[in-house]
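Peer 1: For the sequence shown, the numbering used here assigns the number 30 to the initial residue and increments by one for each residue that follows.
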Amino acid sequence: MVIDMTIHPIDYRYGTVEMKHVWSQENRLDKLLNIEAALALAEADMGLIPADAAEIIYESINSVKAERVEEIEGEIHHDMMAVVVAISEKCRDNAGKWVHFGATSNDILDTATALQIRDTIEIFEDKLKVLLRNLVDLAETHKYTVCCGRTHGQIGIPTTYGLRFAIWASEISRHLDRLNQLVQRVIVGKMTGAVGTQAAFGKSGILVQKLTMQHLGIGAVDVSNQIIQRDRHAEFVMWMANVVTTLDKIGIEIRTLQRSEIAELEESFEKKQVGSSTMPHKRNPIKSEQICGLAKIVRAMVEPELLNNTLWDERDLTNSSSERVIFPEACILTDHILKLGINVLSNLKFYPENILKNLELLKGLNMGEAIMIELAKRGLGRQEAHELVRTTAMKAHETGQHFKNVLLETPDISRYLNNVDIENLINPERYIGTAVEQVEALVVKLRDAYNR
30 MVIDMTIHPI
40 DYRYGTVEMK
50 HVWSQENRLD
60 KLLNIEAALA
70 LAEADMGLIP
80 ADAAEIIYES
90 INSVKAERVE
100 EIEGEIHHDM
110 MAVVVAISEK
120 CRDNAGKWVH
130 FGATSNDILD
140 TATALQIRDT
150 IEIFEDKLKV
160 LLRNLVDLAE
170 THKYTVCCGR
180 THGQIGIPTT
190 YGLRFAIWAS
200 EISRHLDRLN
210 QLVQRVIVGK
220 MTGAVGTQAA
230 FGKSGILVQK
240 LTMQHLGIGA
250 VDVSNQIIQR
260 DRHAEFVMWM
270 ANVVTTLDKI
280 GIEIRTLQRS
290 EIAELEESFE
300 KKQVGSSTMP
310 HKRNPIKSEQ
320 ICGLAKIVRA
330 MVEPELLNNT
340 LWDERDLTNS
350 SSERVIFPEA
360 CILTDHILKL
370 GINVLSNLKF
380 YPENILKNLE
390 LLKGLNMGEA
400 IMIELAKRGL
410 GRQEAHELVR
420 TTAMKAHETG
430 QHFKNVLLET
440 PDISRYLNNV
450 DIENLINPER
460 YIGTAVEQVE
470 ALVVKLRDAY
480 NR
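Spelled out as structure tokens, the structure:
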């Protein structure tokens, strides 16, 4: 009997193939091997090792097998040294003795993480641009779709779905800006040795680091100790937490608006999809719920990564074990959440009849601000108008009458506003301010962002 030992849902339920590949052991090993080759070439350029040895090291990395690295690690119990030995075994003409010359483990390991983060950011950027495009399209499509605005969970004055989507789009565009800004701080490697002095490289250390990173196509730290300082990685993890929180917010709103009592929109529901094992009628917002659930996990990675910056002296090893979990898990789940968000927003179903029903649910009470502002414009003091409309609204609420009728029955109001005035003022379509113009301006601005 074969027992399936798969445990983590990332292995079988969450995550895209492309992001899982970035954080796979196979890709990690490939990065480590390429860095060792880049280091050898840089050292040969500086005359620290023979040029022919560097070429042999460069050629040998393609023949290193993960199985052999694992076998060696099982014997010596050191992951990076296992890679070094595996490369050395493949080098002819005694060139293996120059592998890893002058380097410490984290010169290679931290630089490999930078390369993985670089690949991760490329995937994130592509998905964010798709998400942004979806939100911009929704904002433009629904710029005239008037709906209830809600504060404290209560119906307020009208807004538009276009403005709601535009607000989310603007937030996603800021995440793209932040991503571009953090690239130069996060995608950096190092070749600074055991405590950061580059002593093993002699006076060539600064150029060895520069040339190695040029071979790899990334930036280099200015200074470090044995590791790249984790404020850089913490910024990246916090960025992911910020992104998934935006998606969490969107997911909560969609779930709210899909409630049976509101039912203004809903996630797509496939023909054979099952909502409940016992209630056949259910159409649950499971994608939005999954977004909200997994966002908790990504946010939970912020504190441990911040604490990974508080190491002893030139470094200890308490960051290593937690980062083996933090980096792949946070990146894979963030990518998964972005994919879900794209799916949900590109397949939303709207129910215009329910949007209109909810606008009329309070029998005109949600238009109290419009009445108050007009009364103030016509000579009644703003504070006096507020109290007058408030007491009238409470009366309408308690008696169940339409707000319009109670307004007309109130002499202090009817002397300023007639039937036609009030009819126009309680029309939600006429009280959306500059919502349309704001959306139109933002659409023009953001289309440039995702087309770059």
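Cβ coordinates follow ideal geometry from the N, Cα and C atoms, glycine included.
Near Lys239, what residues of its chain come up, given a Cβ to Cβ distance below 7 Å and the 5 sequence neighbours on each side ignored?
Peer 2: Same-chain partners within the cutoff: Ala249.
Peer 1: Could you tell me whether the Cβ atoms of Val10 and Gln145 are closer together than 8 Å?
Peer 2: In the structure displayed, the chain extends from 30 to 481; residue 10 sits before or after that span and is not available.
Peer 1: Assuming Ile39 and Ile361 are in contact, meaning their beta carbons sit under 8 Å apart, how far apart are those beta carbons, in whole angstroms?
Peer 2: About 5 Å separates the two Cβ atoms, so the contact holds.
Peer 1: Tell me which same chain residues have a C-beta within less than 6 Å of the C-beta of Ile74, skipping the five on either side of it?
Peer 2: Correcting the residue identity first, residue 74 is Asp in this sequence and not Ile. Correct list, in chain order: Leu240.
Peer 1: When the Cα atoms are used, what is the spatial distance from Gly370 to Ala270?
Peer 2: Distance between the alpha carbons of Gly370 and Ala270: 15 Å.
Peer 1: Taking the runs of the alpha helix (DSSP H) that are 4 residues or longer, which of them lie wholly in the stretch 223-285?
Peer 2: Counting whole runs of 4 or more residues, the stretch 223-285 contains the alpha helix (DSSP H) stretches 234-245.
Peer 1: Report yes or no: do the stretch 374-386 and the stretch 401-416 share at least 3 C-beta pairs separated by less than 8 Å?
Peer 2: Short answer: they don't touch.
Peer 1: Could you tell me how far apart the beta carbons of Lys392 and Ala422 are, in whole angstroms, since I believe they sit closer than 8 Å?
Peer 2: The Cβ separation is near 10 Å, so there is no contact.
Peer 1: Does the count of Cβ pairs from the stretch 102-111 and the stretch 128-142 closer than 8 Å reach three?
Peer 2: Cβ pair count under 8 Å is three or more, so yes.
Peer 1: Which of the three DSSP states, helix, strand or coil, is assigned to Phe153?
Peer 2: In this structure, Phe153 counts as helix in the three-state DSSP scheme.
Peer 1: Quick check on this structure: which residue in Leu367, Gly397 and Glu458 has the alpha carbon closest to the alpha carbon of Asp155?
Peer 2: The candidate whose alpha carbon is nearest that of Asp155 is Leu367.
Peer 1: Suppose the cutoff is 6 Å on Cβ atoms and the five residues either side in sequence are ignored; what does the same chain contact list for Leu374 look like?
Peer 2: So the qualifying residues of the chain are Asn163.
Peer 1: Under three-state DSSP, which class holds Ile291?
Peer 2: Note: Ile291 maps to coil in three-state DSSP.
Peer 1: From what residue to what residue does the alpha helix (DSSP H) around Arg214 run?
Peer 2: It spans Tyr190 to Val215 - the alpha helix (DSSP H) in which Arg214 sits, taken as one unbroken run.
Peer 1: Decide yes or no for the touch test of the stretch 179-191 against the stretch 297-310: beta carbon pairs closer than 8 Å, at least 3 of them.
Peer 2: No, they do not touch.
Peer 1: In terms of residues, what are the limits of the alpha helix (DSSP H) holding Cys19?
Peer 2: Absent from the structure is residue 19, since the part of the chain shown begins at 30 and ends at 481.
Peer 1: Report yes if the CB atom of Asn338 is closer than 8 Å to the CB atom of Asp260, and no otherwise.
Peer 2: Yes, the Cβ-Cβ distance between Asn338 and Asp260 is below 8 Å.
Peer 1: Roughly how many angstroms lie between the CA atoms of Ala141 and Ala263, to the nearest whole one?
Peer 2: Roughly 17 Å between the two C-alpha positions.
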